[in-house]
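Chains as they are written, first to last, in the working numbering: chain Z, 1 to 478; chain V, 1001 to 1518.
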């Protein structure tokens, strides 16, 4: 295992900014409203990524303040106040009162230093609707920074809700506060899933659902999923979970500090993501040993095994494709934990050798844990690990390694096409033209069916000699 | 036809007026206070950085250095790597960033830029580097040109700079105008002019090269009018090249395309012709000013009449009258039957042309389409264009008005990125089903089964990125574009008149089953 870490000043890798992380998190809260205080180029990026929460979820409006050049000189607080008041009052008039409003900034507004906190406080007092203002420029950090900002605020709400007696607006009772008194369950072996959108899978919504199904099957209660189809009032139940499971292993510094203050633990064990059979078995049984029922975990695993075997045993197509992909070489460019787990899955489950593994991590913990996971396959295959590589470096390593295909996100597809390397998008986000409309996981035992289907497509691309068939077409010799 | 605006649109302040009137009554794009007051929430669509870098993505063997946070490059990457590359064939654009953080925002990022440029020069060994700044580095006033000058002395690669801070020049037309002229800075004064050579300006998204285009198409539809590597789905430049070569002229450069040397030598052409006016006219004017390269006025020739005018203007300039008339006669005669058939089907109908749906920015293409539809005897009505975006497209407006084309357009205080309800647009024109055709330009076309769907309302998709017709250019220019447009119109009319089953798209947004319909 050869590990290369760039020492260059420049960076060219997948790293959406803080406001994208905060938008993705906030748009997983039902009945939320996002006011985007920034330049429209940033706004369109945020609204595009909001799309990730839409399939199987909800549509959370992102309303722009329409900051322009003059506002960047003279300040845009008045515009923010106007947008907040107009948006909230229109919502109240239409009886679609948001339970929470987020004001998110991008770079220009943050540098100008508009007083977003005061604007939020003023409008909150006027309308009675909770307004949270967060400074989330791209220069402050990436997805993790923005995610941390929103999650931390949610926990602060949770910790201070008792101090707040009543809402100001008579028709708005801040439902989440009013209903936050009674505990929902008394299962002390439950966990909260944290930041599923950082998972690194383009199929993250369905993959998270599968993880929940498996955990529940192993008698582990999933208390909250922060934030996917999340009811804000449920934040009061946050501390009922014994553990918080940060799916990506990225360190959410402020959030974890508040968790610690609340006596709520973070899962510290370095578990692979449940991609493929071997990873899933390890993942679920370790969770079950700690929090649930090993017997029940085995039961659901066996049931899923039967489901998968029913599809694949004595199946000529499965045998053909499994044999074709065996021993082939690939590259991976993905979020650290997802990439490392996928590399193990490809090698163990399919016999595909991951020759180049590009890991993208924003924090040291994610990087460290991914490398630890890869240590388990270092004696089975020779491969190079690139930590936060530039696309240029990654492409060059793919060429040198003579991989048959590469797995990444849609954004690096043209890089691979340029190098004449077939490419499969499994990583990144759902947004921007990932055409999978079937709500089926890539994770878990059942997910191997999805993975097989996806891998088969790239095998066809790699090994069908389309150009030659076209050149040799019937009429070509006439 | 009564053009009294329906009550709902009237209440919201909308009205049908001529394009020239909408331009006149819209405040200048620099009048921030007035714009803020009249169009609260308006702030453009894409930022200047996105437009600047995506234009540079059409160049070859180049590296875009983004002086700003990594996120800014990532925002551009989404467009470059998906839409622009995968659908238009552009190569993967490397865009390393200086990745400035909170410290750099306070202390400045000049040193990071110098270091990055040196590293990029050494690692990537590109033929050209262009620096793009961002909101952050512009607001903190980094001295980018000085940093470039310092780095240039240590670098082999030529480094240029396109100012592109996202908060500047927010209306799309304005930002494009400022970006496109910067490519003239990358050109050298010509030592000689090549006779009978033509540059095509105004190419955006679709990377081209100077490979000659074969006029003869293959039976599978590829080859004819197709640029190298573009296969069955040619671009506008392919069709314009076919025309230029048919006149016995040679295409010298298609801009923006090619590598640094290709762009540098563009002023050697005898004349510039224009495809898209938004990108083409400002660059043509700048090349005229800097290199005295003449340019022709006709742009974006969609339809037989517009294409013929575009060709004749070129023939007038180059003295290729006979070749032009022979070519036009031949091409028009081949189109005559389908033209007449289409005309008979649509004459007297209204053409409802949406200017970009959510984006509210498209103008030149809808106008050129409208002009072609008028030729078919239709009454064009444009809607969904934000007034500020129209105002920012000075060159486009000037061209169409000069050409005597000034159709009706729906003006009003468009809420930002919220399309007007087309059923209300229809009501405002007192139209009945069967009296109009809906022309869309982008994603999210209006469709509600049971009310307004392709099953009952003929819908023609004309967006460059989504409309793909074998052997016809994306924007529909030239004779081949006209033929494809007529074919599409005939097909959608047939679909809507003969087929009474709603599309899935319409069902998802409207009444799903027939049994649920009122």
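Glycine is no exception: its CB is placed at the ideal position from the N, C-alpha and C atoms.
Could you tell me the distance, in whole angstroms, from the CA atom of residue 1505(V) to the CA atom of residue 1444(V)?
Position 505 of the second chain, counted from the first residue, corresponds to residue 1505(V). Position 444 of the second chain, counted from the first residue, corresponds to residue 1444(V). Roughly 10 angstroms between the two C-alpha positions.
Tell me whether residue 1253(V) sits in a helix, a strand or coil according to DSSP, three-state version.
As a working note, residue 1253(V) is residue 253 in the second chain. The answer is strand: DSSP assigns residue 1253(V) an E or B state.
Would you mind reading off the limits of the beta strand (DSSP E) that contains residue 1158(V)?
Here residue 1158(V) corresponds to residue number 158 of the second chain, with the count starting at 1. Per DSSP, residue 1158(V) belongs to the beta strand (DSSP E) from 1158-1162.
Based on DSSP bridge pairs, tell me the residues matched to residue 1452(V).
Here residue 1452(V) corresponds to residue number 452 of the second chain, with the count starting at 1. Residue pairing by DSSP places residue 1452(V) opposite 1448(V) in a beta bridge.
Going by beta-carbon coordinates alone, are residue 1428(V) and residue 1458(V) separated by less than 8 angstroms?
Counting from one through the second chain, the residue named residue 1428(V) turns up at place 428. Counting from one through the second chain, the residue named residue 1458(V) turns up at place 458. Not a contact, by the Cβ cut-off of 8 angstroms.
CA-to-CA distance, residue 90(Z) to residue 133(Z), given in whole angstroms:
Sequence index remark: in the first chain, residue 133(Z) carries index 133 (1-based). Sequence index remark: in the first chain, residue 90(Z) carries index 90 (1-based). The straight-line gap from Cα to Cα measures roughly 20 angstroms.
DSSP on residue 419(Z), reduced to helix/strand/coil?
Position 419 of the first chain holds residue 419(Z). Looking at residue 419(Z) - three-state DSSP - the assignment turns out to be coil, as it is neither helix nor strand.
Using CA coordinates, which residue listed in 1157(V), 1508(V), 1486(V) is at the minimum distance from residue 1334(V)?
Taking the second chain and counting its residues from 1, one reaches residue 1334(V) at position 334. Restricting attention to 1157(V), 1508(V), 1486(V), the CA atom closest to the CA of residue 1334(V) is found in 1486(V).
Nearest chain V C-beta to residue 14(Z) closer than 8 angstroms, yes or no?
By 1-based counting over the first chain, the position of residue 14(Z) is 14. Answer yes: the Cβ-Cβ gap between residue 14(Z) and chain V drops below 8 angstroms somewhere.
Beta bridge counterpart(s) of residue 1351(V) as assigned by DSSP:
Taking the first residue of the second chain as 1, we reach residue 1351(V) at position 351. Per DSSP, the beta bridge partners of residue 1351(V) are 1380(V), 1437(V).
Just to make sure I have the definition right: I need the residues of chain Z whose C-beta is within less than 7 angstroms of the C-beta of residue 1077(V). Which are they?
Numbered from 1 along the second chain, position 77 holds the residue referred to as residue 1077(V). Taking a Cβ-Cβ cut-off of 7 angstroms, the neighbours of residue 1077(V) in chain Z comprise 411, given in sequence order.
Cβ of residue 1355(V) within 8 angstroms of any chain Z Cβ:
On the second chain, residue 1355(V) is found 355 positions in, with the first residue counted as 1. No, its Cβ sits nowhere closer than 8 angstroms to a Cβ of chain Z.
What are the start and end residues of the alpha helix (DSSP H) that includes residue 1135(V)?
Against the second chain, residue 1135(V) aligns to sequence position 135. Per DSSP, residue 1135(V) belongs to the alpha helix (DSSP H) from 1135-1139.
Straight-line Cα distance separating residue 447(Z) from residue 319(Z):
On the first chain, position 319 is the one that residue 319(Z) refers to. On the first chain, position 447 is the one that residue 447(Z) refers to. The straight-line gap separating the alpha-carbon atoms of residue 319(Z) and residue 447(Z) is approximately 18 angstroms.
Output yes if chain A places a C-beta closer than 8 angstroms to the C-beta of residue 1056(V); else output no.
Among the protein chains of the structure shown, namely Z and V, there is no chain A.
Between the alpha carbons of residue 1120(V) and residue 1028(V), how many angstroms are there, rounded?
Taking the second chain and counting its residues from 1, one reaches residue 1120(V) at position 120. Taking the second chain and counting its residues from 1, one reaches residue 1028(V) at position 28. Spanning the two alpha carbons is a distance of roughly 41 angstroms.
Taking the runs of the alpha helix (DSSP H) that are 4 residues or longer, which of them lie wholly in the segment 45-90 of chain Z?
For the segment 45-90 of chain Z, the continuous alpha helix (DSSP H) assignments of 4+ residues that do not extend past its boundaries occur at 69-74, in sequence order.
Can you give the beta carbon distance from residue 152(Z) to residue 255(Z), rounded, assuming they're within the 8 angstroms contact cut?
Mapped onto the first chain, residue 152(Z) falls at position 152. Mapped onto the first chain, residue 255(Z) falls at position 255. The C-beta distance from residue 152(Z) to residue 255(Z) rounds to 5 angstroms, short enough to meet the 8 angstroms contact threshold.
For the segment 1262-1284 of chain V, list every residue whose C-beta sits within 8 angstroms of some C-beta in chain Z, in sequence order.
Residues of the segment 1262-1284 of chain V with a C-beta atom less than 8 angstroms from some C-beta of chain Z do not occur.
Using the DSSP secondary-structure output, state which residues sit across from residue 1118(V) in a beta bridge.
Numbered from 1 along the second chain, position 118 holds the residue referred to as residue 1118(V). DSSP, once it has assigned bridges, lists no residue as partnering residue 1118(V).
Give me the Cβ distance between residue 1489(V) and residue 1460(V), rounded to the nearest whole Å; I'm assuming they're in contact under 8 angstroms.
Within the second chain, the letter at position 489 stands for residue 1489(V). Within the second chain, the letter at position 460 stands for residue 1460(V). Cβ-Cβ separation between residue 1489(V) and residue 1460(V): approximately 6 angstroms, consistent with a contact (criterion under 8 angstroms).
Name, please, each residue of chain Z whose Cβ falls closer than 9 angstroms to the Cβ of residue 1095(V).
Taking the first residue of the second chain as position 1, residue 1095(V) is located at position 95. Going along chain Z in sequence order, the residues near residue 1095(V) (Cβ under 9 angstroms) are 12, 391.
Closer than 9 angstroms at the beta carbon, the chain Z residues around residue 1102(V):
In the second chain, counting from the first residue as 1, residue 1102(V) sits at position 102. Those within 9 angstroms of residue 1102(V) in chain Z are 137, 139, 140, 141.
With a cut-off of 8 angstroms on the beta carbons, I'd call residue 1314(V) and residue 1296(V) a contact; round off their distance for me.
On the second chain, residue 1314(V) is found 314 positions in, with the first residue counted as 1. On the second chain, residue 1296(V) is found 296 positions in, with the first residue counted as 1. Taking 8 angstroms as the upper bound for CB-CB distance, residue 1314(V) and residue 1296(V) are in contact here, some 6 angstroms apart.
So which of 335(Z), 266(Z), 280(Z) has the shortest CA-CA distance to residue 272(Z)?
The sequence position of residue 272(Z) within the first chain is 272, counting from 1. Nearest to residue 272(Z) by C-alpha distance, out of 335(Z), 266(Z), 280(Z), is 280(Z).
Since residue 1195(V) contacts residue 1270(V) with CB under 8 angstroms, what's their CB separation in whole angstroms?
As a working note, residue 1195(V) is residue 195 in the second chain. As a working note, residue 1270(V) is residue 270 in the second chain. Yes, residue 1195(V) and residue 1270(V) are in contact; Cβ-Cβ is about 6 angstroms, under 8 angstroms.
Are any of the Cβ atoms in chain Z nearer than 8 angstroms to that of residue 1071(V)?
Counting from 1 along the second chain, the entry for residue 1071(V) is found at position 71. Yes, because at least one Cβ of chain Z sits closer than 8 angstroms to the Cβ of residue 1071(V).
Using a Cβ cut-off of 7 angstroms, pull out every chain Z residue sitting near residue 1416(V), in sequence order please.
Reading the second chain from its first residue, position 416 is the one you call residue 1416(V). Here the neighbours are 64, 66.
Pull out every residue of the segment 1166-1179 of chain V whose Cβ sits closer than 9 angstroms to any Cβ of chain Z, in chain order.
Taking 9 angstroms as the Cβ-Cβ cut-off against chain Z, the residues of the segment 1166-1179 of chain V that qualify are 1166, 1167, 1168, 1169, 1170.
Hey, quick one: how far does the alpha helix (DSSP H) through residue 399(Z) stretch, first residue to last?
The sequence position of residue 399(Z) within the first chain is 399, counting from 1. That run of the alpha helix (DSSP H) goes 391-401.
Distance, residue 452(Z) Cα to residue 191(Z) Cα
Along the first chain, one-based indexing puts residue 191(Z) at 191. Along the first chain, one-based indexing puts residue 452(Z) at 452. A direct Cα-Cα distance of roughly 30 angstroms separates residue 191(Z) from residue 452(Z).
For residue 202(Z) and residue 409(Z), believed in contact at Cβ under 8 angstroms, the rounded distance
What you label residue 409(Z) is simply residue 409 of the first chain in a count that begins at 1. What you label residue 202(Z) is simply residue 202 of the first chain in a count that begins at 1. For residue 409(Z) against residue 202(Z), the beta-carbon gap comes to about 7 angstroms, under 8 angstroms, which counts as contact.
Collapsed DSSP secondary structure at residue 1206(V) in the structure displayed
Counting from one through the second chain, the residue named residue 1206(V) turns up at place 206. In this structure, residue 1206(V) counts as coil in the three-state DSSP scheme.
Put residue 1046(V) into one of helix, strand or coil per three-state DSSP.
For the purposes of this step, residue 1046(V) is taken as residue 46 along the second chain, with counting starting at 1. Looking at residue 1046(V) - three-state DSSP - the assignment turns out to be coil, as it is neither helix nor strand.
Assuming residue 1273(V) is part of the beta strand (DSSP E), what are its boundary residues?
Residue numbering aside, residue 1273(V) sits at position 273 when the second chain is read from its first letter. It spans 1271-1274 - the beta strand (DSSP E) in which residue 1273(V) sits, taken as one unbroken run.
Would you report the Cα separation of residue 34(Z) and residue 1234(V), rounded to the nearest angstrom?
Stepping through the first chain from its first residue, residue 34(Z) is reached at position 34. Stepping through the second chain from its first residue, residue 1234(V) is reached at position 234. Going by the C-alpha atoms only, they are around 41 angstroms apart.
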